[in-house]
Each structure stands twice: as C-alpha cells, then as structure tokens.
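Colleague:
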Amino acid sequence: MALDSSTVAVAAQRAAAAGPGGGGRFSAAGVRRVAGKLGGLLLTLFLASLLVFFSRFLVPGDPVTFLLRGRKPSPEAIAQVTAQFGLDLPPWQQYLNWVAGALHGDFGRSLQYRQDVATVVGERLPVTLMLVVMSGLLIAIVGLTAGIVAALNKGRALDRVTLVGLTVLSAIPSFVGSIVLISVFAVQSGWFPTFGTGEGFGDTVYHLVLPSIALAIVFVVLVGKVTRSSMVEQLGREHVEVATSRGLKRGTVIRRHVFRNALGPILTVSGVLVAGLLVASTIVEAAFGLAGIGSLLVQSVDRLDFPVVQAIVMLVVTAFVVVNAIIDILEPVIDPRSAAGAAAR
Amino acid sequence: MIPTPTLTLKALRAPRPRIGSRTFVVAVLVLATMTLAALFAPFVAPYPPDALDFSAVNAGPSAAHWLGTDGLGRDLLSRLVYGARTALLGPLLVVIGSTIIGMLLGLLAGWRGGWYDAVLGRVFDVLFAFPSLLLAILAVALFGKGLIAPVIAMSIAYAPFVARLTRALVKAERTRPYVAAYRVAGFGGAFIALRRVLPNVMPIVGAQSTLNFGYVLAELAGLSFLGLGVQPPTPDWGAMINEAQAGIVGGHFLPAIVPAVAVVIVVVAVNIIGEELSDRIGGADLP
Chain L
1 MALDSSTVAV AAQRAAAAGP GGGGRFSAAG VRRVAGKLGG LLLTLFLASL LVFFSRFLVP
61 GDPVTFLLRG RKPSPEAIAQ VTAQFGLDLP PWQQYLNWVA GALHGDFGRS LQYRQDVATV
121 VGERLPVTLM LVVMSGLLIA IVGLTAGIVA ALNKGRALDR VTLVGLTVLS AIPSFVGSIV
181 LISVFAVQSG WFPTFGTGEG FGDTVYHLVL PSIALAIVFV VLVGKVTRSS MVEQLGREHV
241 EVATSRGLKR GTVIRRHVFR NALGPILTVS GVLVAGLLVA STIVEAAFGL AGIGSLLVQS
301 VDRLDFPVVQ AIVMLVVTAF VVVNAIIDIL EPVIDPRSAA GAAAR
Chain D
1001 MIPTPTLTLK ALRAPRPRIG SRTFVVAVLV LATMTLAALF APFVAPYPPD ALDFSAVNAG
1061 PSAAHWLGTD GLGRDLLSRL VYGARTALLG PLLVVIGSTI IGMLLGLLAG WRGGWYDAVL
1121 GRVFDVLFAF PSLLLAILAV ALFGKGLIAP VIAMSIAYAP FVARLTRALV KAERTRPYVA
1181 AYRVAGFGGA FIALRRVLPN VMPIVGAQST LNFGYVLAEL AGLSFLGLGV QPPTPDWGAM
1241 INEAQAGIVG GHFLPAIVPA VAVVIVVVAV NIIGEELSDR IGGADLP
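As given, the protein sequences belong to chains L and D, one line each in that order.
For the first sequence, position 120 (counting from the first letter as 1) is numbered 120 according to our numbering, and the numbering increases by one without interruption.
Counting from 1 along the second sequence, just add 1000 to a position and that's the residue number in our numbering.
1. Let me check one thing: in DSSP terms, what residues is residue 1142/D bridge-paired to?
2. At a CB-CB cut-off below 7 Å, which residues of chain L make contact with residue 1091/D?
3. List the whole-angstrom C-beta distance separating residue 227/L from residue 330/L, where the pair is believed to meet the contact cut-off of C-beta under 8 Å.
4. Does the structure place the region 290-297 of chain L close enough to the region 113-124 of chain L that three or more beta carbon pairs sit under 8 Å?
5. So what's residue 1117/D in DSSP terms, helix, strand or just coil?
6. Hey, how far is the Cα of residue 1176/D from the Cα of residue 1196/D?
7. According to DSSP, which residues form a beta bridge with residue 116/L?
8. Which whole-angstrom value describes the C-beta separation of residue 147/L and residue 196/L, a residue pair presumed to lie in contact below a C-beta threshold of 8 Å?
9. Going along the chain, which residues of the region 216-230 of chain L sit with their C-beta nearer than 7 Å to a C-beta in chain D?
10. Scan the region 1136-1220 of chain D and note each continuous alpha helix (DSSP H) run of 4 residues or more that stays entirely inside, going in chain order.
11. What are the boundary residues of the alpha helix (DSSP H) that includes residue 1231/D?
12. With distances taken from CA atoms, which of 1092/D, 1187/D, 1151/D and 1174/D is nearest residue 1211/D?
13. Any Cβ of chain D within less than 9 Å of the Cβ of residue 36/L?
14. What are the residues that DSSP puts in a beta bridge with residue 1075/D?
15. Residues in the region 1112-1132 of chain D with C-beta within 9 Å of chain L's C-beta atoms, listed in sequence order?
16. Where does residue 249/L land, buried or exposed, given buried means 16+ other C-beta within 10 angstroms?
17. By the three-class DSSP mapping on this structure, what secondary structure does residue 1088/D have?
18. Compute the Euclidean distance between the alpha carbons of residue 1030/D and residue 1269/D, then round it to the nearest angstrom.
19. How many Å lie between residue 263/L and residue 270/L at the Cα?
20. Cutting at 8 Å between CB atoms, please list the residues of its own chain near residue 1021/D, excluding the five before and the five after it.
21. Is DSSP giving residue 1052/D helix, strand or coil here?
22. Looking only at its chain, what residues have a beta carbon closer than 7 Å to the beta carbon of residue 1260/D, apart from the 5 residues adjacent to it on each side?
23. Give me, in chain order, the residues of the same chain whose beta-carbon lies closer than 6 Å to that of residue 9/L; leave out the 5 immediate sequence neighbours on both sides.
24. Is it the case that the region 1152-1168 of chain D contacts the region 1180-1190 of chain D, given that we only count it when at least three CB pairs across the two stretches are under 8 Å?
25. What's the call for residue 1274/D, buried or exposed, on a 16-neighbour Cβ count within 10 Å?
26. So, is the C-beta of residue 266/L closer than 9 Å to a C-beta in chain D?
27. Can you tell me whether residue 156/L is buried or exposed, with buried defined as 16 or more other CB within 10 angstroms of its CB?
28. So, under 8 Å CB-CB, residue 281/L and residue 128/L are touching, yes? Tell me the CB distance rounded to an integer number of Å.
29. By the 10 Å Cβ neighbour count, where 16 or more other Cβ atoms means buried, how is residue 241/L classified, buried or exposed?
30. Under three-state DSSP, which class holds residue 295/L?
31. Leaving out the 5 sequence neighbours to the left and right, which residues in its chain are closer than 8 Å to residue 1055/D when beta-carbon positions are compared?
32. In the DSSP assignment, find the alpha helix (DSSP H) that holds residue 1271/D and state where it starts and stops.
33. Among 317/L, 219/L, 100/L and 66/L, whose alpha-carbon lies nearest the alpha-carbon of residue 1142/D?
34. Whose CA, out of 1044/D, 1174/D and 1168/D, lies closest to the CA of residue 1102/D?
35. Along chain L, in chain order, which residues have C-beta atoms closer than 9 Å to that of residue 1271/D?
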C-alpha cells in the first residue's frame, strides 16, 4: 500500500512538473487537477475498503460462527478469532484496526495456513505478476498490431480478416482457451508443460507461455478493437491530410500524427485491463495449476479462509483504482490537448 | 429541428430484413434450440444426466452416445442438454436483475440530478472498481457456493453499466418538448419519469443489456469451472469442464471440449443477437 501511494505521488509530481503544456512548466491548474484526481482516488479506495470490510456484516448470525465455518469451534480457536478480528470491539473500531493494519501491509492471519496473510499472499504474488506482465506484453504486441494493421487497411480484405479473427477470439473465455491450449500444445504435442511454474527464471517463463496466451485472448480483442477504431478516427482527420499533402512520409504521418493522437482511448482501456487480468488470472491459474494469488483466492474461498479473501479482493481493487488514477494523471503528458481542455473547463 | 420519432416507434419500424440478417436468424435459431432443449431436457436428452454406463467410460462418439461419454461413463449430450438449464438461467436472471436495478438508479440520477446524481455517480465509480467476477467470488466467500450468491453479486456488478446509459438517455430525454408539455398539463414528475420517459429509454437500455448476457454466461461458467458456482452432481457446463480437467492430461479431451464449445456457441449467438438488436434500435450511435 505504501509503495503504491508513493508511486502515485511520483507520477503526480512528474505530471505536475510537465504541466498542461507538457513543456516542463509548473502550473497551478495542473497541480489542482492532480490534487483533485488524488482526492478522488483516496475517496474511491476508502469507499471500496468499507465495502470489502463490512461485507462480512451482511452474513446473518454470529461472526465467530461465520469465520470458523468448517473448523472445530474449540475455545482456543474462538478466542484467537475474537482477538484477531477484535470482535468484542464496536464495528467501526474493527474497521479502523483493519485499515490501519492494511496500510502497514498487515492483513491479519490466515485461518488455513496459520501464517500472516501478507506472507501467504506475498509468496504467491510473483507468479501472478509475472503472468500479468507476460500477458500484458502479448496483449500490447498482438492487440496493437492487429488494430493498426486493420485501421491502415480499412475496408480491405486484411481489415475484414482481422475483424472476424477478433470477433471469434472475443467469444473464447479464458477457461475455454486454457483447456484448448493444454489439450493441443501441452498434452498432444508435448511442446509445453501442462502444470506448475517450474524452477528458475527461464523455466518459469517457459511454463507461463500457454497461461499468458490463455489470459491474453479476451483482452487482445479489447485492445485490438479500440486501437482500430481510434486509429480510423484519426486517419480521417484534417490534420492528417494536411501532413500528407505537405509531403511527409506516410510512416512519419502515421507515427507522429495518427498513432500519437490515437493513444488516448488505448491508454484508458489499458487501465481497465489491469484489474481484468488480475481477476481472470484466477481462472487461468486454476487451469494451469499455478501457485499465484488467483488460485490462492479460489482456494481460500473453498477453504473458508476469509481474511485471505478480503486481502486479495482489496489488493485487486486497489491495483485497479491506482492504475486508473495514474493513467488519468499521465494523460496530459501523452496528450497535451486533454489538459488544455480540462483547464478551460 | 425536425422532431424525431420516439425510440419505441423506431424500434417497431426497424425489424426489416437487412444486411447480415442471415447470421442473425441463425443465431436466433441456435439460441431458441438451446432454450427449448433446456426447457424440455427430460424429453430431449437420450439419458438421465447422471446415468452411468460402465461399458463406455471416456468413450468417443458412437450411435449410443452421440458426443461420447465422460470419465464416469455419463452421456455427454445428455449432460450438455441438462447443463443448458443453469447455463442460460443464470445470465438471464443477471440481465433482468441488473437491468431493473440499473434502470431505476439511472432514472433517479438522470431525472433528479443534483445530489442524487453526485452520490449515485460516486457509488457507481466504486462498483466499477470491482470486476464482476471478483464481486461474485466475494459473494461466494460470504454466502456459500451455488448459483444464487453469484447471480445477485453480478446483478449488482452489471447495474452501474446499465445505470450510466440510462442516466445519459434520461438526461437527453428530459429536455424534450413532450416532457415540458406533460409538466404544463399538470402531471407530476414521478408520473412523467416512470410512465413516459422510462418506456422511451427502455428499448435502448434493454438491447444494450442483452449484450451483457454473453459476458455473464462466460463468467458464471468460469465460476463453476473454479468449483465455486453450480455444484456437482448438478450438470453444468463450467462444472463439467472442471470435472473433465483431470482427464485432459490422459488424452481424454472430449468431456472438456464439448461443454467448452457449447459455451462459445451460445456466447457467439447471443452477441450477434445483441449487436443486431442495438443496431436496429439505434444503440450504436449512443454516447
């Protein structure tokens, strides 16, 4: 948590330093805008934490019974759970304790592992992050390429083929993608392992090839479609025509005038991607037997380990909110017009 | 400005044959077949879904078992037919639930504006931060496995999308002359909003909501695949894939592939229908 907020602060400083003109000026409007975004970020996170924490109070009946479902309600267990959750305190104080702990990376103790939640989650986090990063790279490369190729060939055969391909892919949920990839490329051909993460960096990458493809499928479609429509819109603009008629090379026009202007919507979509990838990784990790936080979440739901569930849900939501705030704040750096527009409002 | 016909009228005028209507007809037929098969499963399915045939375990397609059998010798076609029940019922409930919740909240935000709009907007922002599958998993952690908790959670998770659209439409509708006319005629705000404005925005919202059906179906099947949704022995497509996972490594692909293909077919069919409906009603040129 502390790390996340400092990242935001750094991003905010950079964005503020760049200013709305992007020319390295420090402007009051820029600072106010960033402060507003940060306020919104904190408010959303606060409300989300309320939802995650107080969701437990929606369950009717005794909280001790709920937390110890499926376990022997021995006096020691009851005492331990009561102490850990501060169940003898009023709800708002329980919440404050939880948030105070969470801000220090302390999410209490796992009921199934008898270890700190932070330790259990921390052990599983690298695999998920690796999976998300590999998948993100795939999505960026394939999605952007497909979108750009389709846009530059708008209306021609290549565009139609790409669109049909994307539409077909969009109907393949990640669990379907997973079992098809396992069947074809792991079991039948034996090219890739069916299970686990392997040892060492290279082997892990090798083990994560199929999972990252399965995870990427749906999101490639999203990025591909947004890239195409955004590029098509820019290609029809007057300034592109002007640039072309000035005799600039087509490659330069596309890179400097079309793609840079088309980046806004693509960036917005990538914000949604982060939470989507983290959540979809539950399914992919389960299918490929990977020990990441996705499979940990499922396993914790299955074994009634609520503290771990709470921590992972909060982690995913935080990642989503923070990444979206960063993208919001960085937008004027990439697209100075949006800051000018915001300042004029 | 030339007065545009009401949205309902537009929708009524639209159903004429168009380009691409052939795929639309095929999609409707596919979905209708699936729905009928699900409704009349006991008559359609050749076997009961949990009947074991020990002489044919992990068997390929044959005259006795058209799609083969799973690791316990259960007929895959029969399980597929019965599984269509939960596969279609879950998303249907979510689409209905999220449309009702979202439409009412969107109407409230768009019609009343001001504080209502600000507060509801903030609530939607928070809900947008919870991906629907995550909210469903949280609901299962709280209320237990099955179909009920995920369906309620997903209805809530999808409601903001419906609400945002309804809000935008209602805001535009509020400035139309007919609303002013009703006001002048002395009708109350609640009457105009619920009986006149809501019916006008409903077709567009409804068409957009059908587009959610496919996503919800895939997510609920994914949840069953994780073992958190519909529980065995109830036949369910996601649960079937989950049970068949162990067999894949042994080279028995069919028990997993058959329900997977079913999911893909229904999602494609529903998406074609949803897109065609939104096109006809005019959802394509929405904000």
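Glycine residues also receive a C-beta, built at the ideal position from the N, C-alpha and C atoms.
Modeller: So, to answer that:
1. DSSP lists no partner for residue 1142/D.
2. Contact of residue 1091/D with chain L by beta-carbon distance below 7 Å is absent, the smallest such distance being about 13 Å.
3. Under the criterion of beta carbons closer than 8 Å, residue 227/L and residue 330/L do not qualify as touching, at roughly 18 Å.
4. At 8 Å Cβ cutoff, the stretches touch.
5. Reduced to three states, the DSSP call for residue 1117/D is helix.
6. In this structure, the straight-line span from the alpha carbon of residue 1176/D to that of residue 1196/D is close to 12 Å.
7. Answer by DSSP bridge pairing, in chain order: 109/L.
8. Not a contact, Cβ separation roughly 34 Å.
9. Result list empty, no residue passes.
10. Taken in chain order, the whole alpha helix (DSSP H) runs of length 4 or more contained in the region 1136-1220 of chain D are 1148-1174 and 1177-1184.
11. Per DSSP, residue 1231/D belongs to no alpha helix (DSSP H) and is neither H nor E.
12. Checking every option, the nearest Cα to that of residue 1211/D belongs to 1092/D.
13. Not flagged as an interface residue toward chain D: residue 36/L, since no C-beta distance is shorter than 9 Å.
14. Bridge partners of residue 1075/D: 1069/D.
15. Those residues of the region 1112-1132 of chain D that come within reach of chain L (Cβ to Cβ, closer than 9 Å) are 1122, 1123, 1125, 1126, 1127, 1128, 1129, 1130, 1131 and 1132.
16. It is exposed - the Cβ of residue 249/L has fewer than 16 other Cβ atoms within 10 Å.
17. Look at residue 1088/D here: in three-state DSSP terms it is helix.
18. Those two C-alpha atoms are separated by around 7 Å.
19. About 10 Å.
20. Around residue 1021/D, the same chain offers 1276 as residues with beta carbons nearer than 8 Å, after the five sequence neighbours per side are excluded.
21. DSSP places residue 1052/D in strand when its eight states are reduced to three.
22. Cβ within range, chain order: 1241.
23. Its pLDDT being 42, under 50, residue 9/L is placed unreliably in this model, and the coordinates cannot settle the point.
24. By the Cβ criterion, the region 1180-1190 of chain D is not in contact with the region 1152-1168 of chain D, since fewer than three pairs of Cβ atoms, one from each stretch, lie closer than 8 Å.
25. Looking at its Cβ environment, which holds 16 or more other Cβ atoms inside 10 Å, residue 1274/D is buried.
26. Taking Cβ atoms only, chain D never reaches closer than 9 Å to residue 266/L, which makes this a no.
27. Classification of residue 156/L: exposed, given that the 10 Å Cβ count is below 16.
28. Contact between residue 281/L and residue 128/L holds: CB atoms are separated by about 6 Å, below the 8 Å threshold.
29. Its Cβ having fewer than 16 others within 10 Å, residue 241/L is exposed.
30. Three-state DSSP puts residue 295/L in a helix.
31. Around residue 1055/D, the same chain offers 1073 as residues with beta carbons nearer than 8 Å, after the five sequence neighbours per side are excluded.
32. Under the DSSP assignment, residue 1271/D falls in the alpha helix (DSSP H) whose first and last residues are 1254-1281.
33. Checked all of 317/L, 219/L, 100/L and 66/L; the closest Cα to residue 1142/D is 66/L.
34. Closest by alpha carbon: 1168/D.
35. Going along chain L in sequence order, the residues near residue 1271/D (Cβ under 9 Å) are 167, 170 and 171.
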